[in-house]
Amino acid sequence: MKINVTRSSMPPFDEFVEEVKELWETHWLTNMGEKHQQLQQELQEFLKVKNVSLYTNGHLALEAIWEALDFPKGSEVITTPFTFVSTTHAIVRNGLVPVFCDINDKDYTIDVSKIENLITEKTVAICPVHVYGNICNTDEIERIAKKHNLIVVYDAAHAFGVSVNGKSVSNFGDFSMFSFHATKVFNTIEGGAICFNEDKYITVFNDLKNFGIHGPESTEYIGGNAKMNEFQAAMGICNLRHVYDEISKRRFVVERYRNRLSNKKGIILCEPQVGVNSNYAYFPVVFDGYKKTRDEIYELLKNENIYSRKYFFPLVNEMECYANSNLVVHGNTPIAKRISDCVLTLPLYADLPLETVDMICNIIIDCK
Ligand SMILES: *Cc1c(COP(=O)(O)O)cnc(C)c1O
50 MKINVTRSSM
60 PPFDEFVEEV
70 KELWETHWLT
80 NMGEKHQQLQ
90 QELQEFLKVK
100 NVSLYTNGHL
110 ALEAIWEALD
120 FPKGSEVITT
130 PFTFVSTTHA
140 IVRNGLVPVF
150 CDINDKDYTI
160 DVSKIENLIT
170 EKTVAICPVH
180 VYGNICNTDE
190 IERIAKKHNL
200 IVVYDAAHAF
210 GVSVNGKSVS
220 NFGDFSMFSF
230 HATKVFNTIE
240 GGAICFNEDK
250 YITVFNDLKN
260 FGIHGPESTE
270 YIGGNAKMNE
280 FQAAMGICNL
290 RHVYDEISKR
300 RFVVERYRNR
310 LSNKKGIILC
320 EPQVGVNSNY
330 AYFPVVFDGY
340 KKTRDEIYEL
350 LKNENIYSRK
360 YFFPLVNEME
370 CYANSNLVVH
380 GNTPIAKRIS
390 DCVLTLPLYA
400 DLPLETVDMI
410 CNIIIDCK
């Protein structure tokens, strides 16, 4: 049997059928219908945030934030290359310039001590990533942003349901983007959301995801189309009922991995962050000075039909579209490079049997 790095969470079939039944009565399939309204409301409560705007996917939600901010073309955004390409693409596709800052080697989020050196007169924002669900140093980022008058946009795609000292992660910075892609802890098949406090953006985001149309006879913005449809919203409503259960099952898997793989020479695990209620989104393992390299472990697992992922490899700044490009400012990112060359994320999902976790750990530990 093939073991993939993840497996999408799905509600019981009958529960979903029950949820979408009404759609055959209303014939209302998209354009901010009742399911959309309901999911938005429930997420505002779940994420303890004032405003949620739903999108058809996380990437277009991220792009909508940059569209709404409407900074002059060529303005700079400080971010990290240790992320999924979406973070960088969203910045570049909106005419802005990503400036790559290194990550720290503890939780792989942006190294806050290196941000201020990268600020120029063109800098308008910081776009940190809560990578693997690890939370950035939000206090320090807030301090820097205030001091230099910068906007903070968090890529929180990995951080659904995480809280820090009781505070929901969706409340940090000016905006947070969540992804509800099938592979994420909470999914709406595809989907995403923007969380924000300032009410003036409610209509902006509503309009931007619907061609910029403000009313039947009024089009204010040159918007795209990024609406979440009723089937996606229905999937979200069902999955949200089970998300705590899913997260607690993931926790057992992570604890098993941690028990088996900690204190092994050459194997580095991310330590749990103090005060953080994790969502157990990913289990990254760094092989540094281990008897086998990351690539060798990847192959060993693959030979046993176990598909881990080199996540994130290659680094975004080394991808063909950016490597020799002046669309980005490369900066000096040696830690991101080292982690990217050594990291492997192991299979992790709610129903992954602990025996399989043991099997994976045995392959890693017993290799010659
Ligand atoms: C998944 C992901 C995105 C994009 O989300 P989609 O919903 O797939 O468009 C953006 N950033 C990061 C870090 C992600 O993991």
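Under our numbering, residue 417 is the last one in the sequence shown; the count climbs by one each step, no gaps. Virtual Cβ for every residue (Gly too), placed ideally from N, Cα, C.
Can residue 275 and residue 139 be called in contact, C-beta distance under 8 Å? no
Please work out which residues of its chain come closer than 7 Å, Cβ to Cβ, to residue 96, disregarding the five sequence neighbours upstream and downstream, and give them in chain order. 217, 219, 244
Compute the Euclidean distance between the alpha carbons of residue 123 and residue 366, then round it to the nearest angstrom. 18 Å
Hey, out of 351, 194, 164, 328, whose CA is closest to residue 179's CA? 328
Using the C-alpha atoms, what's the distance from residue 198 back to residue 173? 8 Å
Cβ-Cβ separation, residue 211 to residue 326 (assumed contact under 8 Å), whole Å: 6 Å
Alpha carbon to alpha carbon, what distance is there between residue 74 and residue 65? 16 Å
Three-way DSSP call (helix, strand, coil) for residue 112 in this model: helix
CB of residue 110 within 8 Å of CB of residue 285, strictly: no
What is the rounded straight-line gap between the Cα of residue 323 and the Cα of residue 186? 12 Å
List in chain order: all unbroken beta strand (DSSP E) runs of 3+ residues lying wholly within the segment 167-205. 172-176, 200-204
Enumerated in chain order, which unbroken segments of the alpha helix (DSSP H) with a length of 4 residues or greater are wholly contained in the segment 295-378? 343-352, 369-372
In three-state DSSP terms, what is residue 397? coil
May I ask you to list the residues that DSSP assigns as paired with residue 212? 217, 326
Determine the extent of the alpha helix (DSSP H) in which residue 135 is found, giving its start and end residues. 134-141
At a cut-off of 7 Å, is residue 314 close to ligand 1 when judged by its beta-carbon and the heavy atoms of the ligand? no
May I ask you to check if the CB of residue 379 is nearer than 7 Å to at least one heavy atom of ligand 1? no
Can you look up residue 244 in the DSSP assignment and give me helix, strand or coil? strand
Taking all protein chains shown into account, decide if residue 222 is buried (16 or more other Cβ within 10 angstroms of its Cβ) or exposed. buried
Flag this pair as yes or no: are the beta carbons of residue 107 and residue 194 separated by less than 8 Å? no
Would a C-beta distance cut-off of 8 Å place residue 200 and residue 118 closer than the cut-off? yes
Classify residue 50: buried if its beta carbon has 16 or more other beta carbons within 10 angstroms, exposed otherwise. exposed
If you draw a straight line from the C-alpha of residue 314 to the C-alpha of residue 349, how long is it? 19 Å
Measuring alpha carbon to alpha carbon, tell me which residue in 92, 86, 129, 141 is nearest residue 167. 129
Using alpha carbons as the reference points, say which of 260, 361, 374 lies closest to residue 136. 361
Name the DSSP beta bridge partners of residue 264, please? 267
Would you call the segment 297-310 and the segment 152-159 touching, i.e. three or more CB-CB distances under 8 Å? no
Check for me: the alpha helix (DSSP H) holding residue 75 runs from which residue to which? 72-75
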